[in-house]
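Working notes, structure below.
Here's what the structure looks like:
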């Protein structure tokens with residue numbers, strides 16, 4: 191799952207809504223002698239999964255479910271139709287995890303419709319054989335029946351919380367083998383990246399804002415890994431003695447030029463000296479680039495830490511205010527991303543360009 195805690199909350203909410211709505215039908219059954227469970231529990235499930243701040247709609251759905259449960263003795267086929275329709279409605283609600291891919295409402299709606307229809311059929315078979323009524327007292331039997339439908343609803347909705355692929359940042363990080371200061375910086379960056387995503391998931395909020403912010407956080411982490419990977423490839427081509435050998439060669443050639451009297455040999459030595467000087471200048475650019483890479487990596491770490499702290503500091507429980515706060519964090523991160531992108535390009539160009 192993309193986000194286990196979020197799915198666990200979904201499962202708990204579905205089971206609780208199903209059990210409570212099922213138990214609530216017990217008094218109606220005593221009064222009227224019949225209380226079809228499928229429509230009442232389905233509408234209760236729909237009400238429980240409506241986005242926050244829509245309690246009037248939830249109450250209307252609960253009342254409608256109770257009325258249907260009392261007034262409509264549905265046939266098995268009609269019960270399956272109600273369950274499937276409710277599944278489509280449930281799957282279309284924004285109940286996905288923040289990091290889950292977009293475009294899943296259709297498949298999740300179909301999966302939930304099929305799952306709830308199977309749940310309604312299973313419940314019908316249990317009722318036909320009187321298994322729940324035999325094993326449990328009346329209220330508990332009704333609660334268990336509602337919980338069964340809630341479980342099947344959660345199974346269908348679980349598709350919205352599945353990760354279709356491995357996190358691209360984690361996949362990129364797994365392919366790197368960094369050591370020393372560079373490795374320590376990248377490891378720290380991955381710790382901050384995971385903490386920022388965890389803070390975002392715990393905070394929740396409107397799915398569009400959460401999804402956009404998740405992608406921006408990943409962009410920061412991927413840039414950090416890209417910088418580290420680029421520097422690693424350069425670092426492998428250099429060893430600790432490269433600079434010393436170049437300086438020794440420059441000194442040796444300079445001495446030869448001073449001693450030689452042959453003009454042809456002097457021209458050859460001068461050409462070799464110019465080549466070595468160009469290599470030495472390139473090495474100096476790489477050294478400067480290394481320092482700038484490390485500085486850029488520290489900048490990425492600071493940006494991830496700032497994002498994590500901003501998400502932890504969000505306190506609003508109102509969905510509109512929370513969307514505004516998330517948008518503000520997203521704007522700040524987007525601006526910083528653009529600046530860091532330009533700086534990263536300049537750093538990598540420095541290592542191959544003529545001059546700092």
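Numbering (the working numbering), first residue to last: 191 to 546.
Note that the Cβ used here is the ideal one computed from N, Cα and C, for glycine as well.
No experiment lies behind these values; they were computed from the predicted model shown.
Relative to the alpha-carbon of residue i, which residue among the options has its alpha-carbon at the smallest distance?
i	options	result
residue 203	345, 221 and 229	345
residue 369	418, 475 and 464	418
residue 471	436, 483 and 481	436
residue 361	380, 347 and 341	380
residue 482	207, 217, 442 and 372	372
residue 201	338, 416, 367 and 488	338
residue 479	218, 421, 300 and 461	421
residue 465	440, 216 and 347	440
residue 400	214, 523, 215 and 239	523
residue 232	218, 460 and 343	343
residue 462	446, 473 and 477	446
residue 227	303, 310 and 304	310
residue 347	302, 378, 450 and 357	302
residue 411	450, 334 and 363	363
residue 334	450, 207, 221 and 521	207
Note down the Cα distance separating residue i from residue j, rounded to an integer number of angstroms.
i	j	result
residue 298	residue 197	14 Å
residue 502	residue 485	26 Å
residue 336	residue 209	5 Å
residue 467	residue 382	42 Å
residue 550	residue 329	Residue 550 is absent from the structure shown; the chain starts at 191 and stops at 546.
residue 313	residue 387	39 Å
residue 212	residue 234	9 Å
residue 497	residue 376	17 Å
residue 359	residue 475	29 Å
residue 519	residue 495	12 Å
residue 219	residue 332	10 Å
residue 205	residue 487	46 Å
residue 308	residue 415	46 Å
residue 499	residue 409	18 Å
residue 448	residue 459	10 Å
residue 327	residue 217	13 Å
residue 321	residue 306	20 Å
residue 300	residue 349	10 Å
residue 469	residue 444	15 Å
residue 385	residue 378	11 Å
residue 304	residue 199	22 Å
residue 392	residue 477	42 Å
residue 357	residue 438	48 Å
residue 473	residue 442	18 Å
Count the other CB atoms within 10 Å of the CB of residue i; is the residue buried (16 or more) or exposed (fewer)?
i	result
residue 229	buried
residue 374	exposed
residue 525	exposed
residue 315	exposed
residue 318	exposed
residue 489	buried
residue 239	buried
residue 366	exposed
residue 340	buried
residue 413	buried
residue 492	exposed
residue 324	exposed
residue 237	buried
residue 261	Any reading at residue 261 needs caution, since the residue's pLDDT is 48, under 50, leaving its predicted position unreliable; the model's value is listed next. Per the 10 Å Cβ criterion, exposed.
residue 215	buried
residue 521	exposed
- Task: Evaluate the contact criterion for the stretch 442-457 versus the stretch 396-416: three or more CB pairs, one atom per stretch, below 8 Å.
- Result: no
- Message: For a minimum of 4 consecutive residues, which ranges assigned as the alpha helix (DSSP H) are wholly contained in the stretch 353-397?
- Response: 358-364 and 370-393
- Would you list, in sequence order, the uninterrupted alpha helix (DSSP H) runs of no fewer than 4 residues that lie entirely inside the stretch 410-495? 432-449
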